[in-house]
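These notes are about the structure you will find just below.
Structure (structure tokens):
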């Protein structure tokens, strides 16, 4: 990677062209993934929440939209300007888990968008792109999450997305004081997802999904808001919706970090700008790349479940 | 169906679930939820009317709450709790309490099925589902 490429910042159109042309923004390292699995108490998502999303329309992004608007933001408006898709993807998954936590409102100092820069800075090398297992490991085990705000004590202003910060830390590493601050809000649980059913059930319970794969897509949504596999993107994108109400299989809502203009066509279920739906088969193909993680802001993936509606207690 | 046969079927289902999914996952046995139209079966006409009016009001309230600048109920758990409190305020110390065996269970089972069992944020879709479920109790 040349020095020019190392510091490159791109505009929206450039980013799309780069990925279409074979740029490697994310990669799954099987050896590192195995090492990560050995470090986790719950390496595989498995049957944790089996069947919770079956036959249901689960729109986890709805809570994120509310969450972001409460913070005065335009949901999903950050456009990556370098090869930091993994950090955008992991951030998105973490924010889904937080926004859908019914108890998060009790933690009032922690209700804003997550910053991407420390996550990208933790990739462990210069140049662009990142290993999915590397970034998500850092967010879970040694570092964590930081918000879009000014950390004056650290002389670190993360109020606005600035890819240069994460680019710079790739070689030097994330500063120790930043890592310590991030670790106060680590991602509490990550588990590898291996089937579309697991992805569906995680989303139904409001947990985030970070997916790294090499499946590319078209750019014109059809009447159902869907895109279909086309070409190859070494790319990371978060999933934040599941629609298992159709006879032809479960569909998943995927959020890209390329802004709002790279894709056009109809949308359904108030899906966010810059997002699209994919088929069950496309979803499984992406999962098969071995880089799809369920993300929880608490220990484990507890079923966010109601036992009753209180009528028995009142009426007998 | 005799109770002994029902229990045997449920226990068989649990055993099958454990065998199918390993020890980590034990599915919760759930009895079939009653249809909305049968929830009030067996109640006197006056009592049925009271509950029907109560749930018609709940259907209206949950929709209007969603349009408020700061909704009172922001999660399904909030709505569950407000529903319980509203039932208490409406029916405590009336003859309805304890009068009909299994009425509370039927209502709970129906609402778990119709509104949902997950504690998640209330958004337009599940508010609408809740309103329809409440309105269908008649």
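Chains as they are written, first to last, in this note's numbering: chain A, 37 to 352; chain B, 7 to 144.
Don't be surprised by glycine CBs; every beta carbon is placed ideally from N, CA and C.
query	result
8 angstroms contact criterion, which residue 229 (chain A) and residue 330 (chain A) should meet: CB distance rounded	5 angstroms
Reduced DSSP category for residue 28 (chain B) - H, G, I as helix; E, B as strand; rest coil	Legend: pLDDT at residue 28 (chain B) = 34, less than 50; position of this residue unreliable, no value from coordinates given.
Residues near residue 196 (chain A) by beta carbon distance below 8 angstroms, same chain, minus five either side	184
CB contact flag (residue 199 (chain A), residue 258 (chain A), <7 angstroms)	no
Run of the beta strand (DSSP E) containing residue 328 (chain A), from where it starts to where it stops	328 to 332
Contacting residues, own chain, Cβ-Cβ under 7 angstroms from residue 101 (chain A) (five flanking each side not counted)	111, 308
Whole-angstrom distance between residue 71 (chain B) and residue 222 (chain A), CA atom to CA atom	34 angstroms
Contacting residues, own chain, Cβ-Cβ under 7 angstroms from residue 79 (chain A) (five flanking each side not counted)	73, 227, 228
7 angstroms Cβ cutoff met for residue 182 (chain A) and residue 247 (chain A)	no
Proximity test, Cβ basis, 7 angstroms: residue 46 (chain B) and chain A	no
Where residue 35 (chain B) falls: helix, strand or coil (DSSP)	Confidence at residue 35 (chain B) is low in this model, with a pLDDT of 34, below 50, so the placement of that residue should be treated as unreliable; the coordinate-derived value is given next. The answer is coil: DSSP assigns residue 35 (chain B) none of H, G, I, E or B.
Within-7 angstroms CB hit, residue 86 (chain B) to chain A	yes
CA nearest to the CA of residue 44 (chain A), picked from A:204, A:287, A:256	A:204
Proximity winner among A:160, A:114, A:169, relative to residue 150 (chain A) (alpha-carbon distances)	A:114
The region 116 to 136 of chain B: positions lying closer than 7 angstroms to chain A by Cβ	117, 118, 123, 124, 125, 126, 127, 129, 131
Burial state of residue 30 (chain B), where buried means 16 or more other Cβ atoms lie within 10 Å	For residue 30 (chain B), the pLDDT reaches just 32, beneath the cut-off of 50, and the residue's location in the model is therefore unreliable, leaving the point undetermined.
Beta-carbon proximity list for residue 130 (chain A), same chain, < 8 angstroms, skipping 5 on both sides	150, 175, 181, 223, 244, 331, 333
Counted within 10 angstroms of its Cβ, other Cβ atoms place residue 64 (chain B) as buried (16 or more) or exposed	buried
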